[in-house]
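Structure first, then comments.
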Amino acid sequence: MRITAGLVQDDEYNDFWHNLAGIGDLGARETEIIADTARRGIHENFKREQSPDGTPWTPLAPYTQQQRRAGIDERGIPFSTGAEHPILRRTDDLLLSFVNPRHPRNITIADHDGWNTRITLGAVDDPQTPNRIATLHAGGTTATGRIVPPRPFVGLGTKAIRQLEAQALAILTQRVKNL
């Protein structure tokens, strides 16, 4: 036991404050729970065909609908999906690259600094289609010169944010109870 500036401090007291300071540093299971909740939010954007703020995506162009009816794209890759829907889900590869942590192009990074945990979710482009993700998300021009309207899918809507807040609150509440 130590006396500092008139306060009595012991190891239990120090442990409490050290544990409280590190309360935001999530364990592996807690990190995965939070990441999974965020992935579900991104999945909802695809499912609803809306940006995170709820703005509906631009419908598919007539040329794209024609390709879909033919069942083969300009690269000669066959697929089977509706002419108008689902948007951005011709093969589901783009969706899965963001929401499936085992997908080869998925990025899930958890940075722990001892006090906090920062979780980064994302995906990298297939080397055969560079800049595809950015073009589909923010809009742009394809390699063949076609204009692609923005269809934002990265980010979380209000419902997903509330679910994340609830998960984080549950984790923090449990940690405080265990102090």
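FYI, the numbering for the sequence shown is 13 to 191, going by our numbering.
Note that beta-carbon positions come from the ideal geometry of N, C-alpha and C, so glycine has one too.
Classify residue i as helix, strand or coil using the three-state DSSP reduction.
i    : result
L133 : strand
P162 : coil
N190 : coil
F110 : helix
Q62  : strand
N118 : strand
Would you kindly work out how many angstroms separate the C-alpha atoms of residue i and residue j, rounded to a whole number?
i    : j    : result
A150 : P113 : 23 Å
R158 : K189 : 57 Å
M168 : G88  : Here the sequence assigns Leu to residue 168, which means Met is not the residue at that position. Cα to Cα, L168 sits roughly 34 Å from G88.
L176 : E44  : 12 Å
L108 : A146 : 16 Å
G7   : T93  : Residue 7 cannot be examined here, being either before or after the span of the chain that is shown, 13 to 191.
Leaving out five residues before and five after residue i in sequence, what residues of the same chain have Cβ atoms less than 6 Å from its Cβ?
i    : result
S63  : P164
D123 : R130
Which word fits residue i, buried or exposed, when buried means at least 16 other C-beta atoms lie within 10 angstroms of its C-beta?
i    : result
F58  : buried
A135 : buried
L181 : exposed
V20  : Summary for V20: the model assigns pLDDT 45, below 50, so the residue's position carries little reliability; its value from the coordinates is reported in the next sentence. Label assigned to V20: exposed.
F110 : buried
E86  : exposed
A47  : buried
R80  : buried
M13  : At M13 the pLDDT is 38, less than 50, meaning the model places this residue with poor confidence; the figure from the coordinates comes in the next sentence. M13 is exposed by the Cβ-count criterion.
G53  : buried
Report all residues from its chain with a CB closer than 7 Å to the CB of residue i; omit the five preceding and five following residues, and keep chain order.
i    : result
I99  : E61, W69, L72, R163
T120 : A47, P113, L133
T185 : none
Identify, in the order they occur along the chain, each residue of the same chain with its Cβ nearer than 8 Å to the Cβ of residue i, setting aside the five sequence neighbours on each side.
i   : result
A50 : I131, L133, L168, A172, L176
Provide the residue(s) that pair with residue i in DSSP beta bridges, ordered along the chain.
i    : result
G152 : V160
D123 : R130
I84  : P90
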